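Asker: Take this structure first; my questions come after.
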Amino acid sequence: MPEGADVASIEALRDWLAALAVYRDGVGESLAGVQIEVRRGLEWVAEQSALWQRAVRDCEEEVTQRKAELAAKKFPNWDGRMPDTTVEERNLRRAQARLEYAEEQVRKCRSWIARLPKLIEECYTPHGHRLQLFLEGDLTRGMAVLDRRIDALERYAGLKTDYSSGPSAIPAPKPEEQR
Amino acid sequence: MRFGASRSQLYDAQKTARARWDAAAETWNDASRRDFEEHVWGPLDSQTSEVLRAIDQLSTLFTQVRQDCEFNP
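Here it is in structure tokens:
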């Protein structure tokens, strides 16, 4: 024997259905927002990689220039002594260090660009996708069922002027059955 | 790659929906409520929590990416 409906407030159910619709929209917006941020993140890493690659080229030019400056200094003076090249050597070491740093950053960016899609797929995508499917499928169907049930209760309450809380049957009984 | 706004939106929506569910459940106590809870609300709530945790992991991941890759010559 089916259990009767036990609904103390149809209005509360209507409120819940409306709140659920707001929730569904909010979740959908949030999931879309995450997708946008993920895409921005991937683009951002590619942009940083391009900036570091340009920095590598600049640093290579600087190293070439510093080497030339050092080489130009490595000629004996008029008195036959070798000039002090401390500053040029230090400048070259610094330029080489900057180049190594930029090259290392390019390697890091490339490593992240290669790994990021899989890491995102592992940590987020299945969860976001599952929830999106749930919103579009089970939730939408569940809300439709609830909406029809509330309609039935409202029809039943309309037939019964003294409708009040407590167990009752769904679908609503015919008027003659209520007497 | 800032996930704070989306996470907050989802967290707030879940919090509000939980409160609304509790209010509705107080006035609704039959088989259809249990069915709705089992097949709709429960899975929706738990999947939302899973996504919140996943967003936290994404956020941690991209924080690391930012630290490693940001252009600061």
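Line by line, the protein sequences are chains A and B. One rule links them: number in this note's numbering = place in the first sequence (from 1) + 59. One rule links them: number in this note's numbering = place in the second sequence (from 1) + 1422. Ideal Cβ placement from N, Cα and C applies to all residues, glycine included. All of these numbers come straight from a predicted model, not from anything done at the bench.
Classify A67 (chain A) as helix, strand or coil using the three-state DSSP reduction.
Answerer: Looking at A67 (chain A) - three-state DSSP - the assignment turns out to be coil, as it is neither helix nor strand.
Asker: Roughly how many whole angstroms lie between the Cα atoms of P135 (chain A) and E128 (chain A)?
Answerer: So the alpha carbons of these two residues sit roughly 15 Å apart.
Asker: Answer with yes or no whether the minimum CB distance from K133 (chain A) to chain B is below 8 Å.
Answerer: Judged by the 8 Å Cβ criterion, K133 (chain A) is not in contact with chain B.
Asker: Using the DSSP secondary-structure output, state which residues sit across from W1450 (chain B) in a beta bridge.
Answerer: W1450 (chain B) is bridged to A:V66.
Asker: Buried or exposed: Q1469 (chain B), going by 16 or more other Cβ atoms within 10 Å of its Cβ?
Answerer: It counts as buried.
Asker: What does a CB cutoff of less than 7 Å around A231 (chain A) pick up in its chain, not counting 5 residues either side in sequence?
Answerer: Low confidence applies to A231 (chain A): its pLDDT is 41, below 50, so where it sits in the model is not reliable, and the reading given next is rough at best. Excluding residues within five positions, the ones whose Cβ falls inside 7 Å are A211, R214, Y215 and L218.
Asker: Give me the residue from B:R1455, B:D1444, B:A1445 and B:R1440 with the minimum Cα distance to A64 (chain A).
Answerer: The residue with the shortest Cα to Cα distance from A64 (chain A) is B:R1455.
Asker: Is the beta carbon of I172 (chain A) less than 8 Å from the beta carbon of L72 (chain A)?
Answerer: Contact: no.
Asker: Below 7 Å CB to CB, which residues in the same chain sit around Q97 (chain A) once its five sequence neighbours on both sides are set aside?
Answerer: The sequence shown places Val at residue 97 (chain A), rather than the Gln named in the question. The answer, listed in chain order, is I179.
Asker: Would the beta-carbon of L1480 (chain B) fall within 8 Å of that of F1425 (chain B)?
Answerer: Their beta carbons are under 8 Å apart, which means L1480 (chain B) touches F1425 (chain B) by this criterion.
Asker: Please report the distance separating the alpha-carbon of Q164 (chain A) from that of F1484 (chain B).
Answerer: Each residue's alpha carbon lies about 16 Å from the other.
Asker: Can you tell me whether L205 (chain A) is buried or exposed, with buried defined as 16 or more other CB within 10 angstroms of its CB?
Answerer: With 16 or more Cβ atoms within 10 Å of its Cβ, L205 (chain A) is classed as buried.
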